[in-house]
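Asker:
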Amino acid sequence: MIKKHCKFILLCTFFLFSCDNKNTSQNSNLKETNPGVVISFDDASINEWYQADKILRQYSWKATFCVSKINTLNHSEIKKLLDLQKEGHEIAGHSLNHFDAPKFVAKNGIDAYIDQEINPMLAIMYFYSLKVTSFAYPFGFRNSAIDIALLKKFKIIRGTTYGAEDPFFQNCYFNNTKLVFAIGIDTDHPNFSIPYLIKLLDYAKRKHKILILFGHTPVINITANYQTKMATLKLICNYVKQHNMTFYSLSDLNNLK
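Quick note: to get this note's numbering, add 3 to the position in the sequence shown (first position is 1).
1. By Cβ distance below 6 angstroms, which residues in the same chain neighbour residue 67 in space, the five residues on each side in sequence not counted?
2. Roughly how many angstroms separate the alpha carbons of residue 214 and residue 197, rounded to a whole number?
3. Roughly how many angstroms separate the alpha carbons of residue 230 and residue 111, rounded to a whole number?
4. Tell whether a beta-carbon distance below 8 angstroms holds between residue 114 and residue 219.
5. Taking the continuous alpha helix (DSSP H) assigned at residue 84, which residues delimit it?
6. Do you know whose CA, among 106, 98, 59, lies nearest residue 148's CA?
7. Could you check if residue 126 is buried or exposed, using at least 16 other CB atoms within 10 Å of its CB as the buried criterion?
8. Taking the alpha helix (DSSP H) that residue 207 belongs to, which residues open and close that run?
9. Around the C-beta of residue 13, are 16 or more other C-beta atoms found within 10 angstroms, so that it is buried, or is it exposed?
10. For residue 132, which of 102, 175, 73, 120 has the nearest alpha-carbon?
This is the structure:
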């Protein structure tokens, strides 16, 4: 009887060990995403974006420029957007007139929003050979009904998130979905600080996450709201390079799902 029990225990041990080895082997074949950062900018500060690229090009950086009011840009600004795209940056949509999407939809309906804010924007951007596959909500304002409609037009859509909680609870990391959220790096963004930004970057590095950031107008010296200090951008780029992380665009995230 004891002998039978011993054989049974040995068989169970062998089975468990075999399964464990199989799972370990399968897991080792999974490709782990390299930790990194998505740096995005909203609105239409084309000249400032272009100058920032000249300064940050030394880091081989990559950014996503989310453009609104494309119909108001002059020839020089369009050419700069095309140059940025040629350099490997992404040009994304940010609506035609920068309206608050949920408020507009509540008053006029989703079809009207698509017809007035999305389709004309895409038509102009495509006319200029701007390859647009991502979209950032103006003000970050959104709801699930608008998400569904926009995901028929774009591969990735981006909202915004706030707060200064522990990075584990933050929503500003890529979550393997088509809807992502960015946290602000403008100096006037709620809860923005360099120590907190470093904390977010540290967490991305340690946990193999992709941190998603957004700003507006990059400047050397802050003179108004909705401005991102160049020193902040240099800090981010230095961090990414020093820790062998990756610069991602918003559209890159679609290929990682």
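Even for Gly, the Cβ is constructed at its ideal location relative to N, Cα and C. Nothing here was measured: the structure is a model prediction, and the numbers come from that model.
Answerer: On the basis of the data shown:
1. Residue mapping note: residue 67 aligns to position 64 of the sequence shown, counting from 1. Hits under 6 angstroms: 43, 93, 95, 252, 253.
2. Here residue 214 corresponds to residue number 211 of the sequence shown, with the count starting at 1. Here residue 197 corresponds to residue number 194 of the sequence shown, with the count starting at 1. If I take the Cα positions, the gap works out to 15 angstroms.
3. If you number the sequence shown from 1, residue 230 lands on position 227. If you number the sequence shown from 1, residue 111 lands on position 108. One C-alpha to the other measures close to 32 angstroms.
4. Reading the sequence shown from its first residue, position 111 is the one you call residue 114. Reading the sequence shown from its first residue, position 216 is the one you call residue 219. No, they are not a contact pair.
5. What you label residue 84 is simply residue 81 of the sequence shown in a count that begins at 1. Residues 78-89.
6. Position 145 of the sequence shown, counted from the start, is the residue given in the question as residue 148. Selected option, being the one with the closest Cα: 106.
7. Indexing the sequence shown from 1 puts residue 126 at position 123. Looking at its Cβ environment, which holds fewer than 16 other Cβ atoms inside 10 Å, residue 126 is exposed.
8. Reading the sequence shown from its first residue, position 204 is the one you call residue 207. Its alpha helix (DSSP H) spans residues 197-210.
9. In the sequence shown, residue 13 corresponds to position 10, counting from 1. Because residue 13 carries a pLDDT of 40, less than 50, the predicted location of this residue cannot be relied on, and the following value inherits that uncertainty. It counts as exposed.
10. Counting from 1 along the sequence shown, the entry for residue 132 is found at position 129. Among 102, 175, 73, 120, the Cα nearest to that of residue 132 is on 73.
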